[in-house]
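Take a look at the structure below.
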Amino acid sequence: MNDEIEHVRALVKEAASVVVLTGAGVSAESGVPTFRGAGGLWRNFRAEELATPEAFEKDPKLVWEWYAWRRELIAAVEPNPAHYALAEMEKRIQSPRSQKSQKKFTLITQNVDGLHTLAGSSNVIEMHGSIWKVRCTGCGIESVEREAFDTLPPVCACGALLRPGVVWFGESLDPDVVSASFGAAREAIVMLVVGTSSVVQPAASLGAEARSAGAYVVEVNIEPALGGPVANAALTGPAGELLPRLL
Ligand code: OAD
């Protein structure tokens, strides 16, 4: 695998446009549970049963308890070497020297934990929103609330319920976010797909979009999920060990 890592490292260094898509696996080594697989369950609920408008309608307190649990858990963890490596990659690619040759780096994440930003990444597309944002179901005002709520479900000053500022199953993503993500994927020379099971759309199609537009697609995962038709190469192992080696 050393040769493969060296090959990808050289490609990343030279590429005019590098795009990285991350999923829950990139935060696993920080101690944030992934959604699927062992440890991906909360009180025997799956994400798909809680992260829906119907679940919120039926039992907003239950849904908020899940989000409050995740907010508390995420507040207590720190970025890991995978997050820091991606922040460093961005800095190197966007350094004033590289800027003369107009190199591009785009980080697209499905994660709502904000750990990429905390690690120093500045250009992050959060496809599924942020767990630190809340939005009023009545007046629509969105704000960042990092403090724990005294009572659940929290209520807006206007009297309506607040909801987490994330995208739920069955909801549309922000069209600007989708077009920025797919636009970046189409322009990618190298695309890294890191720590995602690639089952939730539309993010799951970004690798294929990049590949069909000519990118070299590299999957980084403890259990590669993309498969041969999409990935040109698979680096199998923990993101926190492999990504720093790509610098
Ligand atoms: P999943 O939980 O579906 O997948 C996590 C992936 O990370 C799996 O492929 C694991 O093999 C891999 N993995 C675990 N630990 C790793 C490590 N240390 N290094 C590298 N890879 C590792 O998470 P996502 O694909 O991100 O959406 O899930 C996509 C979406 O489904 C989430 O954004 C969320 C969820 O329901 C919403 O809430 C809308």
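Take the sequence shown: its position 172, counting from 1, is numbered 171 in numbering that gives the first Met the number 0, and each next residue is one higher. Glycine included, C-beta positions come from ideal geometry on N, C-alpha and C. All values derive from a computational prediction rather than experimental measurement.
The beta carbon of residue 138 lies closer than 6 Å to those of 157 in the same chain, with the five residues before and after it left out. Per the C-alpha coordinates, the member of 217, 220, 205, 199 positioned closest to residue 47 is 199.
Residue side-chain check: residue 220 places its Cβ nearer than 7 Å to a non-hydrogen atom of ligand 1. Three or more beta-carbon pairs drawn from the segment 159 to 167 and the segment 112 to 131 are found closer than 8 Å, and the two stretches are therefore classed as touching. Look at residue 231 here: in three-state DSSP terms it is coil, with no helix or strand label. When the five nearest sequence neighbours on each side are left out, the beta carbons in the same chain lying within less than 6 Å of the beta carbon of residue 103 are those of 16, in order along the chain.
Relative to the Cα of residue 193, the nearest Cα in the group 110, 220, 150, 214 belongs to 220. Taking non-hydrogen atoms of ligand 1 into account, the C-beta of residue 65 is found less than 7 Å away from none of them.
Proximity of the beta carbon of residue 109 to ligand 1 is indicated: a heavy atom of the ligand is located closer than 7 Å. Per DSSP, residue 90 lies in no beta strand (DSSP E) segment; the continuous alpha helix (DSSP H) that holds it begins and ends at 80 to 92.
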